[in-house]
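Structure record follows, encoded as structure tokens.
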Amino acid sequence: IPTTYGKEQIDMLLNTFKKGVNALGLTCGAAKGDLKLTPKGCMIGEIAARLSGGYMSGWTFPYASGIDLTEQLLRIALNMEPTIDINSDFIPCTQYSAEGAWLSIPGKVNALKGIDKAKAIPKVKEVFIRSQKSDEVVFPQNNVEKCGNIIASESSYKKAQDIKKKILYKNKIYQ
Numbered sequence: 011i012p013t014t015y016g017k018e019q020i021d022m023l024l025n026t027f028k029k030g031v032n033a034l035g036l037t038c039g040a041a042k043g044d045l046k047l048t049p050k051g052c053m054i055g056e057i058a059a060r061l062s063g064g065y066m067s068g069w070t071f072p073y074a075s076g077i078d079l080t081e082q083l084l085r086i087a088l089n090m091e092p093t094i095d096i097n098s099d100f101i102p103c104t105q106y107s108a109e110g111a112w113l114s115i116p117g118k119v120n121a122l123k124g125i126d127k128a129k130a131i132p133k134v135k136e137v138f139i140r141s142q143k144s145d146e147v148v149f150p151q152n153n154v155e156k157c158g159n160i161i162a163s164e165s166s167y168k169k170a171q172d173i174k175k176k177i178l179y180k181n182k183i184y185q
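Structure representation (structure tokens):
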């Protein structure tokens, strides 16, 4: 976050999302969508009346934007004015956030290594460990079955991605 798509692509995604939200009759509160640009245009995977799960709403987006989405939704639920323009199509981000997960093939975790080293890397905001030594792990079919996640925040897309890749591909946390 934020996207590297251009204005035309962003507008296409936003217009499709708005049409989906309107078709569902959502008028107040949160709405999140999983949309994908394909050669056939914008495709909807999901639109739901809630904040995004995983680490998106609570960590990845706030680190990029400086906005606590959970607080904003709670303000709306309590009939208070949000502190941001909720009618804006675009919220500017001052940083780039990159979130990544490490996955496993089925088996038993023999060792974790490099956790402290990963946490010590400047601009690493979070390291979430969900599998420990001796845990049985599976190839994930959902977010909960992932072994762990990291979130990095930097001043550019490339820098944020480089930190994520350094931890996930070079650090090899699990064995």
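Heads up, the sequence shown is in the working numbering, so the first residue is 11 and it goes up one at a time.
Glycine included, C-beta positions come from ideal geometry on N, C-alpha and C.
Contacting residues, own chain, Cβ-Cβ under 6 Å from residue i (five flanking each side not counted)
i              : result
serine 114     : Val147, Cys157
glutamine 185  : Caution is warranted here: a pLDDT of 44 is assigned to glutamine 185, below 50, making its placement in the model unreliable, and the coordinate value is therefore given only provisionally. Only Asn120, Ala121 meet the Cβ criterion.
alanine 162    : Ala108, Lys133, Val134, Ala170, Ile173, Lys174
lysine 29      : none
cysteine 52    : Met22, Leu23, Thr26, Leu45
isoleucine 125 : none
Residue i vs residue j beta-carbon contact at 8 Å
i              : j                 : result
leucine 61     : leucine 23        : no
asparagine 152 : alanine 111       : no
tyrosine 73    : lysine 135        : yes
tyrosine 106   : tyrosine 65       : no
alanine 40     : valine 31         : no
leucine 36     : alanine 59        : yes
isoleucine 20  : glycine 43        : no
proline 116    : phenylalanine 138 : no
serine 144     : lysine 118        : yes
Assigned exposure category for residue i - 16 Cβ within 10 Å defines buried
i                : result
threonine 14     : exposed
threonine 70     : buried
valine 154       : exposed
leucine 79       : buried
serine 141       : buried
alanine 128      : buried
isoleucine 67    : Residue identity differs from the one stated: residue 67 is serine in this sequence, not isoleucine. With 16 or more Cβ atoms within 10 Å of its Cβ, serine 67 is classed as buried.
phenylalanine 27 : buried
glutamate 18     : exposed
glutamate 164    : buried
Own chain, CB closer than 7 Å to residue i, minus 5 neighbours either side, in chain order
i             : result
glycine 76    : Thr104
isoleucine 54 : Thr26, Gly30, Gly43, Leu45
Chain-order list of residues whose beta-carbon lies under 8 Å from that of residue i (same chain, five-residue window excluded)
i           : result
cysteine 38 : Ile86
Whole alpha helix (DSSP H) elements within the segment 66 to 116, 4-residue minimum: 71 to 75, 79 to 87
> Do the segment 72 to 91 and the segment 123 to 132 make contact, defined as three or more Cβ pairs closer than 8 Å?
Replying inline: no
| Curious, which full-length beta strand (DSSP E) runs of at least 3 residues does the segment 145 to 181 contain? | 158 to 164
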